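Colleague: Sharing a structure here in structure tokens format.
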Amino acid sequence: MTSEWTGDKSNAARRLFRSNSLRAQIMLLFLAAIVLVALLTLYLTQEAAYQHSKTQLDAHHLAGSRVVAARLETRATLLRDGLNDLSGNFSVKQLVSSGQDDPASLVVAMENYRQRLGADMYIVLDGDGAILTSSISITEFEYEPSAYSNPGLSWADFLERHYLVKAAPLRYVQNSPKVNAWIVMGQLSDNLIDEKLVALTGMQVSLVEVGATPSVWGSTLDVQASNELAAALSTAATDAGEIMLGEQAVAIGVNQLAGQPVLETVVSTSLDSAYLPYQSLLLRLIIVLLLAVLLSAVAVMRISRSITQPIDKLVAAANRISRGEEARDLPRRGTREVSVLSRAIEDMQDGIREREEEINRLAYFDSLTGLPNRNQFVSRLTRVLREDPGKKITIALLDLDEFKEINDTVGHATGDLLLNMIAERFKSWKEPGDFLARIGGDEFALITQRFADRDPRVLGTQIANIFESPFALGGLHLDVNASIGLTVSPQHGQEAQSLLQRADIAMYSCKRSHDHFAVYEDSLDQHSVQRLSLMSELKEALTEGQLYLQYQPKLSLTTGKVGCAECLIRWAHPRFGLVRPD
2 MTSEWTGDKS
12 NAARRLFRSN
22 SLRAQIMLLF
32 LAAIVLVALL
42 TLYLTQEAAY
52 QHSKTQLDAH
62 HLAGSRVVAA
72 RLETRATLLR
82 DGLNDLSGNF
92 SVKQLVSSGQ
102 DDPASLVVAM
112 ENYRQRLGAD
122 MYIVLDGDGA
132 ILTSSISITE
142 FEYEPSAYSN
152 PGLSWADFLE
162 RHYLVKAAPL
172 RYVQNSPKVN
182 AWIVMGQLSD
192 NLIDEKLVAL
202 TGMQVSLVEV
212 GATPSVWGST
222 LDVQASNELA
232 AALSTAATDA
242 GEIMLGEQAV
252 AIGVNQLAGQ
262 PVLETVVSTS
272 LDSAYLPYQS
282 LLLRLIIVLL
292 LAVLLSAVAV
302 MRISRSITQP
312 IDKLVAAANR
322 ISRGEEARDL
332 PRRGTREVSV
342 LSRAIEDMQD
352 GIREREEEIN
362 RLAYFDSLTG
372 LPNRNQFVSR
382 LTRVLREDPG
392 KKITIALLDL
402 DEFKEINDTV
412 GHATGDLLLN
422 MIAERFKSWK
432 EPGDFLARIG
442 GDEFALITQR
452 FADRDPRVLG
462 TQIANIFESP
472 FALGGLHLDV
482 NASIGLTVSP
492 QHGQEAQSLL
502 QRADIAMYSC
512 KRSHDHFAVY
522 EDSLDQHSVQ
532 RLSLMSELKE
542 ALTEGQLYLQ
552 YQPKLSLTTG
562 KVGCAECLIR
572 WAHPRFGLVR
582 PD
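So the number in our numbering is just where the residue sits in the sequence shown, counting from 1, plus 1.
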């Protein structure tokens with residue numbers, strides 16, 4: 002009896018062991034596959050993130066180098082054009098011709114013209130190349146003046162200092178083949194590389210002479226960092242890389258300038274800010290993968306081998322969908338869960354396809370008004386500026402005043418209707434060639450060339466007149482005002498983002514002064530800088546306890562009772578006092 006009971010117990014144990022062993026093998030194989038996929042996904046994700054960051058950094062470096070090169074070329078062109086105008090001035094010709102008899106008058110005049118052109122030095126030569134007068138202490142001009150009259154960048158060294166130099170021939174008789182004198186002006190390379198370039202590019206900028214021993218001609222870095230940069234460039238790759246400046250690792254981008262001597266623009270940024278932080282991405286990915294492994298382990302214990310093949314097909318279909326391919330031949334037979342999962346993947350695939358089509362449409366058009374959106378507006382403005390950089394273009398940026406109050410009072414549906422009515426008025430007012438877009442919630446923007454020969458305030462007046470008559474909305478008559486910021490290219494800039502930013506600055510000045518429109522001026526930037534400073538200080542305000550809550554009751558007009566309250570946050574700035582939300 003005891004022997005039979007022991008035998009039955011042993012058989013049951015063996016059956017249980019075999020059952021557990023099979024499940025254990027399935028679990029081990031399944032978990033091994035999941036872990037392998039997880040590690041591969043982790044590696045590929047990290048590699049893709051790094052490559053994306055590297056590509057973005059290289060593009061940022063290239064754009065920064067192009068900005069520096071464009072600024073240098075623009076300065077050379079302005080200096081050359083100014084000298085050409087100066088050499089054709091009759092009074093200048095008289096002063097140069099009498100320079101030996103009255104050198105004091107020539108010196109006063111040339112110093113005045115040097116300041117007007119923003120140059121750091123001038124030299125006046127006679128037809129034989131002898132110096133008539135100069136703002137620097139040199140006895141002879143060692144270069145051929147005609148070499149500095151051509152377009153492009155040209156450099157010269159005087160008294161161990163480097164200058165961007167331009168020259169213009171002066172003829173006493175117009176159209177005479179004989180050159181009677183030369184006017185030469187130059188700007189120090191140190192003054193060409195300044196903090197404005199840091200603001201434009203978001204990086205430190207250096208101008209370096211290429212050679213066996215690189216020499217820094219100008220830099221926004223301090224002296225020690227500049228010397229370390231020159232030393233690093235003598236041993237590092239010449240195109241781009243990562244170097245050490247002191248104790249800080251930086252990423253650099255190198256771009257060669259046209260002309261002689263061979264110069265390079267070097268843009269640099271710290272590695273801490275150059276690459277995207279991986280830690281949070283990897284942590285979340287690891288958590289997701291661990292959850293997937295755990296859930297898969299639980300699931301595999303409860304599924305049968307008969308559904309292994311359908312699941313494999315579903316996994317393959319999901320992988321194809323993740324790669325952007327179309328998944329076909331989804332399993333139609335199997336357990337209820339497999340059928341549901343097949344339908345879910347099919348619905349997901351259809352949903353992804355529909356969302357991609359919708360995203361593609363929304364990428365360039367505003368869904369509410371049907372107008373072009375910000376992406377298309379910036380693209381159009383960039384293309385117009387690139388096709389004809391010197392053509393006068395007027396940009397208007399419009400923001401509705403107190404639109405939030407309209408939404409809060411009459412509802413978002415009525416606010417949307419108002420935006421549509423404003424868009425229709427704009428469409429009726431604008432003419433062919435104008436480009437109108439809705440670039441934000443209650444912001445509209447316009448590109449027009451109709452006012453090229455007119456004061457931009459005329460455009461501001463016309464746009465303001467669009468809002469003269471009230472808007473009829475279901476029995477309501479709303480008087481709507483707008484703040485309009487105006488910029489003109491190339492007067493206020495030749496880049497799309499800078500023109501939009503300055504139009505935005507002008508628009509916000511309207512809100513402060515309660516004017517209908519304003520044309521951008523350099524003096525308006527002060528408030529913009531202050532507002533940007535406040536945005537940077539807001540993070541510190543969170544940690545310093547400068548933010549506090551206020552509660553605003555909401556009264557029901559129907560019952561006459563307070564039903565709820567809005568919780569509002571306020572900022573008590575230690576220097577500016579109470580900072581308004583706007």
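In this text, a Cβ means the ideal position worked out from N, Cα and C, and glycines have one as well.
Fair warning: this is a prediction, and the values are worked out from it, not measured in the lab.
Using a Cβ-Cβ cut-off of 8 Å (strictly less than) and excluding sequence neighbours within five positions of M245, which residues of its own chain qualify?
Modeller: Cβ neighbours of M245 beyond the five flanking positions: E229, A233 and V251.
Colleague: Applying the 10 Å Cβ sphere with the 16-neighbour rule, what's the burial state of L556?
Modeller: With fewer than 16 other Cβ atoms within 10 Å, it is exposed.
Colleague: So, helix, strand or coil for D158, using DSSP?
Modeller: Residue state, collapsed to three classes: strand.
Colleague: Which residues does DSSP pair with F472 in a beta bridge?
Modeller: L479.
Colleague: Per the DSSP calculation, L208 is bridged to which residue(s)?
Modeller: According to DSSP, which records beta bridges pairwise, L208 is partnered with G219 and T266.
Colleague: Flag this pair as yes or no: are the beta carbons of I440 and R375 separated by less than 8 Å?
Modeller: A contact, by the Cβ cut-off of 8 Å.
Colleague: From the DSSP output, in three-state form, read off L96 for me.
Modeller: In this structure, L96 counts as helix in the three-state DSSP scheme.
Colleague: Mind reading off the beta-carbon distance from A397 to A438? Whole number of angstroms is fine, and I expect it under 8 Å.
Modeller: Not confirmed; about 11 Å, so no contact.
Colleague: Over what stretch of residues does the beta strand (DSSP E) that includes Y123 continue unbroken?
Modeller: Start and end: M122 to D127.
Colleague: Quick one: grab the DSSP three-state call for L386.
Modeller: Three-state result, L386: helix.
Colleague: What are the start and end residues of the beta strand (DSSP E) that includes F445?
Modeller: Note, F445: beta strand (DSSP E), E444 to T449.
Colleague: Answer with buried or exposed for Q116, where buried requires no fewer than 16 other C-beta atoms within 10 angstroms of its C-beta.
Modeller: Exposed.
Colleague: Should Q205 go down as buried or exposed, given a rule of 16 or more other Cβ atoms within 10 Å for buried?
Modeller: Under this definition Q205 is a buried residue.
Colleague: Hey, S88 and A169 are a contact pair by Cβ (cut 8 Å); roughly how many whole angstroms apart?
Modeller: Going by Cβ atoms, the distance from S88 to A169 rounds to 4 Å, so yes, they are a contact pair.
Colleague: Consult DSSP for N256 and reduce its assignment to one of helix, strand or coil.
Modeller: N256: strand per DSSP, three-state reduction.
Colleague: Kindly indicate the opening and closing residues of the alpha helix (DSSP H) around V459.
Modeller: Segment P457 to N466, the alpha helix (DSSP H) holding V459.
Colleague: Any idea which residues DSSP pairs E567 with across the strands?
Modeller: E567 is bridged to Q553.
Colleague: Are at least three pairs of beta-carbons, each pair with one atom in the stretch 410–419 and one in the stretch 352–366, less than 8 Å apart?
Modeller: No, because fewer than three Cβ pairs between the stretch 410–419 and the stretch 352–366 fall closer than 8 Å, the two stretches do not touch.
Colleague: Could you check where the alpha helix (DSSP H) with A507 kicks off and where it finishes?
Modeller: Segment A497 to S514, the alpha helix (DSSP H) holding A507.
Colleague: Quick check: the stretch 467–483 against the stretch 421–431, are there 3 or more CB pairs under 8 Å?
Modeller: They touch, by the three-pair rule.
Colleague: Could you check what DSSP says for K393 in three-state terms: helix, strand or coil?
Modeller: Correct three-state label for K393: coil.
Colleague: I'd like to confirm the pairing. Which residues does DSSP put opposite G242 in its beta bridges?
Modeller: I253, per the DSSP bridge assignment.
Colleague: Would Q188 pass as a contact of R76 if the rule is Cβ separation under 8 Å?
Modeller: For Q188 and R76, yes; Cβs fall inside 8 Å.
Colleague: Let's test the definition: count the other Cβ atoms within 10 Å of the Cβ of F91 and tell me whether it reaches 16, buried, or not, exposed.
Modeller: Classification for F91: exposed.
Colleague: Measure how close the beta-carbons of Q553 and L569 come, nearest whole angstrom, since I'm counting them as under 8 Å.
Modeller: The Cβ separation is near 6 Å, so the contact holds.
Colleague: With G153 and L118 assumed to form a contact (beta carbons below 8 Å), what rounded beta-carbon distance in angstroms separates them?
Modeller: Actually they do not touch by this definition, with Cβ atoms about 18 Å apart.
Colleague: Check whether the Cβ atoms of G1 and V180 sit closer than 8 Å, and answer yes or no.
Modeller: Absent from the model: residue 1. The displayed extent of the chain is 2 to 583, so no value can be given.
Colleague: For the alpha helix (DSSP H) that A131 lies in, which residues bound it at each end?
Modeller: Element bounds for A131: n/a, residue is neither H nor E.
Colleague: Can you check whether the CB of D400 is closer than 8 Å to the CB of E469?
Modeller: No, the Cβ-Cβ distance between E469 and D400 is not below 8 Å.
Colleague: Let me confirm a value: M186 is counted as buried when at least 16 other C-beta atoms fall within 10 Å, else exposed. Which label applies?
Modeller: Label assigned to M186: buried.
Colleague: Alpha carbon to alpha carbon, how far is P373 from M508? Give it in angstroms, no decimals.
Modeller: C-alpha separation (whole angstroms): 21 Å.
Colleague: Which stretch, first to last residue, makes up the beta strand (DSSP E) that contains L437?
Modeller: Its beta strand (DSSP E) spans residues F436 to R439.
Colleague: With three or more beta-carbon pairs closer than 8 Å as the criterion, would you say the stretch 189–196 touches the stretch 171–179?
Modeller: No, the stretch 189–196 does not touch the stretch 171–179.
Colleague: Taking just the CA atoms, how far does D86 sit from Y607?
Modeller: Past the boundaries of the shown model lies residue 607; the chain is included only from 2 to 583, so the question cannot be answered.
Colleague: Looking only at its chain, what residues have a beta carbon closer than 6 Å to the beta carbon of S429, apart from the 5 residues adjacent to it on each side?
Modeller: Cβ neighbours of S429 beyond the five flanking positions: none.
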